[in-house]
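S.K.: Below you will find the structure I want to go over with you.
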Amino acid sequence: MSIQVQIALGKLFDQSARPDPYPLLATLRESSPCVMPAVQTVVVGRYADTSKVLRDRTVSSLRPDSPSFFSLDPPEHTRLRGLTAKAFPPRVVDALEPRIRQITHDLLSEVADADDFDLPQHIGYQVTGRIICELFGLPHSDVEVFRDWTRLLTHHIDPQMFPDPEFNAAVAKARSDFEDYFRPFIEERRKRPGEDMVSRLVHVRDGDNRLGEQELLDTCVLLAVAAHENPVGLIGNTFLALLRHPDQLAQVQRDPSLAGAAVEETLRYDSPAQLTGRTATRPIELNGTVIPAGFSVLLLLAAANRDSVAFPDADRFDLHRGANNHLAYAAGPHFCMGADLARLEARVVIEVLAERLAEPHLVPGSLEYKPNVSIRGPLHLRVAGTIK
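In my numbering, each number is its position in the sequence shown, counted from 1, plus 1282.
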């Protein structure tokens, strides 16, 4: 069985699987949990098993090649997440909705006279990039400065099937450049704090606890990357799902308040976050299979979200499903802190598109996916229609 799983995994990481990885994910889910002793890895794709591992506080999230607190374990993860949460409370996200809406309207008006527009490039990246800049107090023009950095760092999340020194060197340079970019802003906010995210991170305290210099840089980079790539994928995946289901698109056009339901169903049906990894620190039993201590656990979030045991008729897109127990943003202590912002950005963009874009359709041959496996979404997706 492990040989079949290894073949399916190899195909999953091949670029030819980007348009539709779900048949492969279904094969891997039905074969899981599958222990591969030769590479000390266990593949997990069933919903119940994946949820159990994510919520198990004895499982490790450590990644030596990643400095972000997402890849740390308690107590350091708890400390850093707690400080970051104090600097990024829900009210900060909620207050962004009017700006997200205005930016989306402005961007859509800019392409009103064009035959079509590239949704990820002209809308997705621009909306999320400008919101990052406003959130962090950065110049709008710098969206273009750090876009390539975020793409490289996101691509680096993927498990490496084969060593690639050239790619790893490019990733290391991107991280270093990103840190150098944030240094002067951090220094400026130490002297003259404002209401922006950098200022809040610089000055946040929990008793005597505060972020150190490198922790500040790591957290700024982490939040900027997460707030750029994942929401763009969610926007693209949601609108593509609606274009492929015209009856449900028509419902959202008649009632744009259904945009949030469409986003939530997309998180289950075609999530930007496709997989993640953990390490077993002790033997873990999953449905009769024991994961040995020290083995890596590859958690197929996208496969779990289409497990028919948890979600009947799971391969069907249904914006009225109302399933908010999906694992698109993981679960347990490492539940994604940026989930609310990504949901908000995607919902508002879909609402505006539903209100202003009449008779939308996908331009044939224009769909191209990002090369990533872990973070899924269109890199290019050209949409034609009449903009009101």
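Glycine is no exception: its CB is placed at the ideal position from the N, C-alpha and C atoms.
(1) Please state whether the Cβ-Cβ distance between Thr1432 and Glu1511 is less than 8 Å.
(2) Would you kindly work out how many angstroms separate the C-alpha atoms of Ile1566 and Leu1310, rounded to a whole number?
(3) Taking the alpha carbon of Val1507 as the reference point, which residue from Leu1401, Phe1521, Ala1613 and Leu1623 has its own alpha carbon closest?
(4) Using 10 angstroms around the beta-carbon of Val1287, count the other beta-carbons present and answer buried if the total reaches 16, otherwise exposed.
(5) Using three-state DSSP, classify Asn1607 as helix, strand or coil.
(6) According to DSSP, Ala1660 sits in a beta bridge with which residue or residues?
(7) First and last residue of the beta strand (DSSP E) that includes Asp1398?
(8) Check the DSSP bridge columns for Val1579 and list the partner residues they point to.
(9) Just how far apart, CA to CA, sit Ser1648 and Val1326?
(10) Within 10 angstroms of its Cβ, does Asp1331 collect 16 or more other Cβ (buried), or is it exposed?
(11) Assuming Pro1301 and Tyr1651 form a contact by the criterion Cβ under 8 Å, report the distance between their Cβ atoms to the nearest whole angstrom.
(12) Scan the region 1518-1546 and note each continuous alpha helix (DSSP H) run of 4 residues or more that stays entirely inside, going in chain order.
(13) So, Ala1562 versus Gly1542, is the Cβ gap smaller than 8 Å?
(14) Note down the Cα distance separating Asp1320 from Leu1582, rounded to an integer number of angstroms.
(15) Within 10 Å of its beta-carbon, does Ser1458 have 16 or more other beta-carbons around it, so buried, or fewer, so exposed?
(16) Could I get the ranges of all uninterrupted alpha helix (DSSP H) runs contained in the region 1422-1469, with 4 residues as the minimum, in chain order?
M.R.: Concretely, from the data shown:
(1) Numbered from 1 along the sequence shown, position 150 holds the residue referred to as residue 1432. Numbered from 1 along the sequence shown, position 229 holds the residue referred to as residue 1511. Cβ atoms of Thr1432 and Glu1511: closer than 8 Å.
(2) Within the sequence shown, the letter at position 284 stands for residue 1566. Within the sequence shown, the letter at position 28 stands for residue 1310. Ile1566 and Leu1310: Cα-Cα distance of roughly 19 Å.
(3) Residue mapping note: residue 1507 aligns to position 225 of the sequence shown, counting from 1. If we check each option's Cα against that of Val1507, Leu1623 comes out closest.
(4) The residue given as residue 1287 occupies position 5 in the sequence shown. By the neighbour-count rule (16 or more Cβ atoms within 10 Å), Val1287 is buried.
(5) Here residue 1607 corresponds to residue number 325 of the sequence shown, with the count starting at 1. It is coil, neither helix nor strand.
(6) Reading the sequence shown from its first residue, position 378 is the one you call residue 1660. In the sequence as displayed, the identity of residue 1660 is Pro instead of Ala. Paired residues: Tyr1651.
(7) Here the question's residue 1398 lines up with position 116 in the sequence shown. First-last of the beta strand (DSSP E) with Asp1398: Asp1398 to Asp1400.
(8) Residue numbering aside, residue 1579 sits at position 297 when the sequence shown is read from its first letter. BP columns for Val1579 point to Val1324 and Arg1560.
(9) The residue given as residue 1648 occupies position 366 in the sequence shown. The residue given as residue 1326 occupies position 44 in the sequence shown. Straight-line Cα distance between these residues: approximately 33 Å.
(10) Along the sequence shown, one-based indexing puts residue 1331 at 49. Answer is buried; the Cβ neighbour count reaches 16.
(11) Here residue 1301 is taken as the residue at index 19 of the sequence shown, counted from 1. Here residue 1651 is taken as the residue at index 369 of the sequence shown, counted from 1. Confirmed, about 6 Å.
(12) 1528-1536
(13) As a working mapping, residue 1562 is identified with position 280 in the sequence shown. As a working mapping, residue 1542 is identified with position 260 in the sequence shown. Going by C-beta atoms, Ala1562 is not nearer than 8 Å to Gly1542.
(14) By 1-based counting over the sequence shown, the position of residue 1320 is 38. By 1-based counting over the sequence shown, the position of residue 1582 is 300. A small correction: the amino acid at residue 1320 is Ala; Asp does not occupy that position in the sequence shown. Using only the alpha carbons, I get a separation of about 20 Å.
(15) Your numbering for residue 1458 matches position 176 in the sequence shown. It counts as exposed.
(16) 1425-1437
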